Every structure is written in C-alpha cells, then in structure tokens.
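Going by my numbering, the first residue of the sequence shown is number 21, and it counts up by one from there.
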Amino acid sequence: MNLKGILSIATFPGLYRHVAQAKNGLVIESIQDGKRQLAYATSRISALEDISIYTTDGDTKLSEVYKNLFKVLDGKVTPFNPKKASNDELVDVFAKALPNWDPDRVYISDIKRAYAWYNILVETGYAAQSDEQEAQASAPEQEAPAAAEAEGEIKTKKRTRKKAAPKDGEAKAE
Numbered sequence: 021m022n023l024k025g026i027l028s029i030a031t032f033p034g035l036y037r038h039v040a041q042a043k044n045g046l047v048i049e050s051i052q053d054g055k056r057q058l059a060y061a062t063s064r065i066s067a068l069e070d071i072s073i074y075t076t077d078g079d080t081k082l083s084e085v086y087k088n089l090f091k092v093l094d095g096k097v098t099p100f101n102p103k104k105a106s107n108d109e110l111v112d113v114f115a116k117a118l119p120n121w122d123p124d125r126v127y128i129s130d131i132k133r134a135y136a137w138y139n140i141l142v143e144t145g146y147a148a149q150s151d152e153q154e155a156q157a158s159a160p161e162q163e164a165p166a167a168a169e170a171e172g173e174i175k176t177k178k179r180t181r182k183k184a185a186p187k188d189g190e191a192k193a194e
C-alpha cells in the first residue's frame, strides 16, 4: 500500500494529503472531505510512509502491515469500532496481519490508531487505488531493464564507432 504524501497531524482529526509548502507550514487537504487548511510548522506532523511497527525481528513498515490487513479483511473496513472494541479482538486481527509484532513495544493505543487510519484509507478508496498503482508500477519495471539494455547497447555502439585520434608521429591512413 502506497502511503506517500499522507500525513497524520497531532491536533487534527483524520488523515491529510500534503498539497503545497507555505511560508510558515504546510498546505494540507483532508482525504475525507477535501477541505484545505494550513498546518503550522510547530504542529507534530507524521508521514505515514515513515512509520514502522516494532516486530520481534526488527521493524515493519506500516504500508506492509496495511497490505496484510487489507488481505486479512478482504479489502473491507474493520468489522469492529477500533475505539470500542475489546483488546482481545484488536490483537486477534492485528496478529493475523502481523504475526511477529512485539507486544512489549506496541501498545493497544498504537493498534487502535493503526486501525482508525486503515479504516479511513479504505473508506476513501486510497487502499484500493494504491494496490492498482502498485500493480501498474510493477509492469513497467519489468519492461524497463530490457529497454535499458537496448539503450546501453546503442550507447556502446556509438562509443565504438568513434575513431581513435592518431598518436604523435603516426601518419593518417588515407
């Protein structure tokens, strides 16, 4: 799941897209209702693409967790309200998406926040869009090496076509 450009801002509810840079902050747009506003530079702004979840063998990017959660929930929002669900219910589904999560360092509040963001992304269609974009992006990547090889051959040929300049003392062959 591609989370590039999606932001969470500490005092603002929901998720936002980065639209432009302003003199004293960022111009942001809500991905839920499209309203634009200014987030000041003093706000705590977190890019979702930079967030990772602690696991027993390192960290896992939030985008990978959301891909797995999208598969576990069949592309639908969570069947429970993350704010009101029991801890067991929250952990059960989360463990299916990320079996090696570290329960000592990942708190229930973190899981609730991750579910809330996931639900917003699914409801607004960002989750489905990003899966389609990744599928399209992987197809050109497969064609790109062949094109790069052909381009490299052309460059190589051009380099070999150049004639070496005669060294001092050698006569030109005419």
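Cβ atoms here follow ideal geometry from the backbone N, Cα and C, with glycine treated the same way. All of these numbers come straight from a predicted model, not from anything done at the bench.
When burial is assigned at 16 or more other CB atoms within 10 Å of the CB, is residue i buried or exposed?
i: Thr-98; result: buried
i: Lys-177; result: Annotation note: pLDDT 46 at Lys-177 (below 50); position unreliable, coordinate value reported separately. Exposed: under 16 other Cβ atoms inside 10 Å.
i: Ser-106; result: exposed
i: Phe-100; result: exposed
i: Ala-30; result: exposed
i: Tyr-127; result: exposed
i: Ser-28; result: buried
i: Pro-33; result: exposed
Where do the ends of the beta strand (DSSP E) carrying residue i lie?
i: Arg-56; result: 56–60
i: Ser-28; result: 26–29
i: Ile-65; result: 65–67
Do you know whose CA, among the options, lies nearest residue i's CA?
i: Ile-71; options: Asn-22, Tyr-60, Glu-109; result: Asn-22
i: Thr-76; options: Lys-24, Pro-123, Val-85; result: Pro-123
i: Ala-136; options: Asp-108, Lys-104, Arg-125; result: Lys-104
i: Tyr-60; options: Ile-48, Gly-145, Arg-133; result: Ile-48
i: Val-92; options: Tyr-146, Ser-63, Ile-73, Asp-112; result: Asp-112
i: Pro-102; options: Leu-110, Lys-96, Leu-141; result: Leu-110
i: Gly-95; options: Gly-25, Leu-46, Tyr-138; result: Tyr-138
i: Glu-143; options: Val-85, Leu-68, Asn-88, Gln-52; result: Gln-52
i: Tyr-74; options: Tyr-146, Ala-115, Ala-148, Gly-25; result: Ala-115
i: Phe-90; options: Ile-140, Ser-50, Ala-67; result: Ile-140
So, helix, strand or coil for residue i, using DSSP?
i: Tyr-74; result: strand
i: Asn-101; result: coil
i: Asp-79; result: strand
i: Ala-167; result: Bear in mind that a pLDDT of 45 at Ala-167, under 50, signals an unreliable position, so the number given afterwards is only what the model happens to contain. Note: Ala-167 maps to helix in three-state DSSP.
i: Leu-263; result: Beyond the ends of the chain as shown, which are 21 and 194, falls residue 263; an answer cannot be given.
Start and end of the alpha helix (DSSP H) containing residue i?
i: Tyr-36; result: Careful: Tyr-36 lies outside any alpha helix (DSSP H), inside the beta strand (DSSP E) at 36–42.
i: Ile-140; result: 128–144
i: Leu-110; result: 107–117
How about residue i: is its C-beta nearer than 8 Å to some C-beta of chain D?
i: Ala-136; result: Of the chains in the structure shown, none is chain D; there is only one protein chain.
Tell me whether the segment 106–123 and the segment 41–59 touch, counting them as touching only if at least three CB pairs, one residue from each stretch, are closer than 8 Å.
Using a C-beta cut-off of 8 Å, the segment 106–123 makes no contact with the segment 41–59, since fewer than three inter-stretch Cβ pairs fall below that distance.
- Evaluate contact between the segment 79–98 and the segment 39–48, counting only Cβ atoms and requiring at least three cross-stretch pairs below 8 Å. No: the two stretches stay apart, fewer than three of their Cβ pairs being nearer than 8 Å.
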